[in-house]
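Residue numbers (the numbering used here), protein chains in the order written: chain A, 22 to 244; chain B, 22 to 244.
In this text, a Cβ means the ideal position worked out from N, Cα and C, and glycines have one as well.
If you're wondering where the values come from, they're calculated on a predicted model, not measured in any experiment.
This report concerns only the one structure given below.
Number of protein chains: 2
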Amino acid sequence: MAVTDEAIEKIKGMIVSGALRPGDRLPKESELAADLGLSRNSLREAVRALSLIRILDVRQGDGTYVTSLDPQLLLEALSFVVDFHRDDTVLEFLAVRRILEPAATAMAASRISEQQLNALTNQLDKLGNDPSVEELVACDLEFHRGIVQSSGNSVLCSLLDGLSGPTTRARIWRGLTQEDAVSRTLHEHRAILAALRDRDAEAAKSWATVHIASVEQWLRSTL
Amino acid sequence: MAVTDEAIEKIKGMIVSGALRPGDRLPKESELAADLGLSRNSLREAVRALSLIRILDVRQGDGTYVTSLDPQLLLEALSFVVDFHRDDTVLEFLAVRRILEPAATAMAASRISEQQLNALTNQLDKLGNDPSVEELVACDLEFHRGIVQSSGNSVLCSLLDGLSGPTTRARIWRGLTQEDAVSRTLHEHRAILAALRDRDAEAAKSWATVHIASVEQWLRSTL
DNA sequence: GTGCCTGAGACGTCGGATGTCTTGCACGAC
DNA sequence: GTCGTGCAAGACATCCGACGTCTCAGGCAC
Chain A
22 MAVTDEAIEK
32 IKGMIVSGAL
42 RPGDRLPKES
52 ELAADLGLSR
62 NSLREAVRAL
72 SLIRILDVRQ
82 GDGTYVTSLD
92 PQLLLEALSF
102 VVDFHRDDTV
112 LEFLAVRRIL
122 EPAATAMAAS
132 RISEQQLNAL
142 TNQLDKLGND
152 PSVEELVACD
162 LEFHRGIVQS
172 SGNSVLCSLL
182 DGLSGPTTRA
192 RIWRGLTQED
202 AVSRTLHEHR
212 AILAALRDRD
222 AEAAKSWATV
232 HIASVEQWLR
242 STL
Chain B
22 MAVTDEAIEK
32 IKGMIVSGAL
42 RPGDRLPKES
52 ELAADLGLSR
62 NSLREAVRAL
72 SLIRILDVRQ
82 GDGTYVTSLD
92 PQLLLEALSF
102 VVDFHRDDTV
112 LEFLAVRRIL
122 EPAATAMAAS
132 RISEQQLNAL
142 TNQLDKLGND
152 PSVEELVACD
162 LEFHRGIVQS
172 SGNSVLCSLL
182 DGLSGPTTRA
192 RIWRGLTQED
202 AVSRTLHEHR
212 AILAALRDRD
222 AEAAKSWATV
232 HIASVEQWLR
242 STL
């Protein structure tokens, strides 16, 4: 194994074993390189790789630190990876989202706060009845993110956030080519929100499924 | 933005835009560095970071290539990230798995081949009635992976593969501390397999839920 | 035709030099 | 005494050039 890969594993080991805790500062590059037995150049490759996936946080002029290691932060790297997927796998991502999002919405039904419900309502009201496609899709993302956050599971939330990225483009195409898509989306959002307000997990789940399935069906028919 | 980060973005852009396709070979380091306007060292940091998440594949003495970009390959990086999570978030991972795995099992019910069913049967038979805990957990992983592969969604499959890692340890603890866990697991596996053979998606889903929920419940009670 | 050998090409690693940024401290004005 | 400015140290950012190691292809011997 290359020395850089060894260094990656060793740093990973230090964190997993607890020798380095979230927020801790690493020894300076030259020291750490000497400790691990490699050059500073090679060590930097390892550090850079770990910082790309949000394990380390390097601050020029200051030092290198272990991040909080929150699921949210680490799964952020997921969206970077997901960006690379080509359009022919969008359907698979969408299928996964169709599994997760209704479940998250159902979970949210029993946990969402009045405050959050009002915030979602305001958000939908503000959008009006005839938004642009871009506005609608942005609102769509925000709406679902708000609900999923209320599921209380940060891993689930981050995962959906990462998966939603690649389907965003698909939703924009749909809005541009399918005429009733906008009004249908608005209607479905209202229905989901109403179900949440009723604390009706089953209804919320069903509406969420319908909501995503309609995108999926459209996409499947156009590919 | 640092030159290395710029390089990462530029390489990413070349791939996403299609200028570089899966399997393509990159210009040699010195050339690419010159093209992108940075030193070879800095470029190498970018390449190393992208190879950690399986975007690039560097082969010493040969060259640097774009990987296949399969969902399977890219989500493999997920397990690397997941390794960093501390035990207090295992429950959240397990909750996500409890959503995905039953859904995947249900999908498999209508698609799984006779051949695959027989393979799973053999696998369970080979394990016998009194396996060691380690054997059981290894078999458990293999069993579920086989089923999820039959769901026909490679994104789903890779995602579950990545999520299953951190819960593995939990399952081992359980096997060691809860006496009837082994026999119960064996029984549940048989039940899932029987449901699949009957092409009964609903039953398969329910058994899969029960299967995971029992681990989850035990874990929740011991933390 | 087969197999070994060799050389070119490309990545792997290293050491050092210089630039840039952050931070903390000391000094001086108010 | 307090606040603000300026300097200096520490740490990361970037670069250059050199040498080691590995892979692969082509030539040569059998």
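task: Give, in chain order, every residue of the segment 220 to 232 of chain A whose Cβ lies closer than 7 Å to some Cβ of chain B.
output: none
task: Over the uninterrupted beta strand (DSSP E) stretch that includes A/R80, give me the two end residues.
output: L77 to R80
Beta-ladder partner(s) of A/R241, from DSSP: Its beta-bridge partners do not exist; DSSP assigns none.
- prompt: Could you give the residue range of the alpha helix (DSSP H) that holds B/G167?
  reply: V154 to Q170
field: Neighbourhood of B/A229 by C-beta distance below 7 Å, restricted to the same chain and skipping five residues each side
entry: E122, P123, T126 and I213
- prompt: To which residues of the same chain is B/D78 closer than 8 Å at the C-beta, ignoring the five residues directly before and after it?
  reply: S72, T85, Y86, V87 and T88
task: Would you kindly work out how many angstroms separate the C-alpha atoms of A/R119 and A/G58, rounded to a whole number?
output: 48 Å
query: Rounded to the nearest angstrom, how far is the Cβ of B/S179 from that of B/L96, given a contact under 8 Å?
result: 4 Å
- prompt: Can you name the residues of chain A whose CB is closer than 8 Å to the CB of B/V24?
  reply: Ordered by position in chain A, no residue passes the 8 Å Cβ test against B/V24, which lies about 12 Å from the chain.
field: Local conformation of B/T88 per DSSP, three classes
entry: coil
- prompt: With respect to the alpha helix (DSSP H) encompassing A/F114, which residues constitute its N-terminal and C-terminal limits?
  reply: V111 to R132
message: Please report the distance separating the alpha-carbon of A/H106 from that of B/P92.
response: 7 Å
- prompt: How about A/N174: is its C-beta nearer than 8 Å to some C-beta of chain B?
  reply: yes
task: Tell me, please, whether the CB atom of B/P48 is closer than 8 Å to any CB atom in chain A?
output: no
- prompt: Pick from B/K49, B/R42, B/R46 and B/V68: whose alpha carbon is nearest that of B/E27?
  reply: B/V68
message: Tell me which residue opens and which closes the alpha helix (DSSP H) that B/N174 is part of.
response: Here B/N174 belongs to no alpha helix (DSSP H), and DSSP marks it neither H nor E.
7 Å Cβ cut-off: residues of chain B touching A/P92: H106, T110 and E113
query: Who are the neighbours of A/V158 on chain B, taking C-beta pairs under 7 Å?
result: In chain order: nothing, as chain B lies at least about 19 Å away.
query: Span of the alpha helix (DSSP H) holding B/S204?
result: A202 to R218
query: Is the segment 203 to 212 of chain B touching the segment 228 to 242 of chain B in the sense that three or more CB pairs, one from each, lie closer than 8 Å?
result: yes
query: To the nearest angstrom, how far is it from the Cα of A/Q199 to the Cα of A/E155?
result: 14 Å
message: With three or more C-beta pairs closer than 8 Å as the rule, is the segment 127 to 145 of chain A touching the segment 128 to 144 of chain B?
response: no
Cβ distance (whole Å) where A/V111 is taken to contact B/A98 below 8 Å: So it is not a contact: roughly 20 Å between Cβ atoms.
task: Give me whichever residues DSSP pairs with B/R46 in a beta bridge.
output: B/Y86
message: I'd like the span of the alpha helix (DSSP H) that includes B/N139, first residue to last.
response: E135 to L148
- prompt: Residues in its own chain within less than 7 Å of A/S131 by CB, not counting five upstream and five downstream?
  reply: R220 and A222
message: Against chain B, which members of the segment 66 to 92 of chain A pass a CB distance test of less than 7 Å?
response: E66, R69, A70, L73, I74, I76, L90 and P92
- request: Would you kindly work out how many angstroms separate the C-alpha atoms of B/L11 and B/D108, rounded to a whole number?
  value: This structure cannot speak to residue 11 of chain B, because chain B is shown only from 22 to 244.
- prompt: So, are the CB atoms of A/V117 and B/L177 less than 8 Å apart?
  reply: yes
- prompt: For B/I233, which of helix, strand or coil comes out of DSSP?
  reply: helix
- prompt: How is A/L95 classed by DSSP in three states: helix, strand or coil?
  reply: helix
query: At what residues does the alpha helix (DSSP H) containing A/S63 begin and finish?
result: R61 to L73
- prompt: From this set, A/R211, A/S134 and A/L217, which residue's C-alpha is nearest A/G149's C-alpha?
  reply: A/R211
- prompt: According to a CB-to-CB cut-off of less than 7 Å, which residues of the segment 119 to 135 of chain A neighbour chain B?
  reply: I120, L121 and A124
- prompt: Span of the alpha helix (DSSP H) holding B/M35?
  reply: V24 to S38
- request: Have a look at B/L80 and A/E66 and give me their C-alpha separation to the nearest angstrom.
  value: It is Arg, not Leu, that sits at residue 80 of chain B in the sequence shown. Their Cα atoms are separated by approximately 16 Å.
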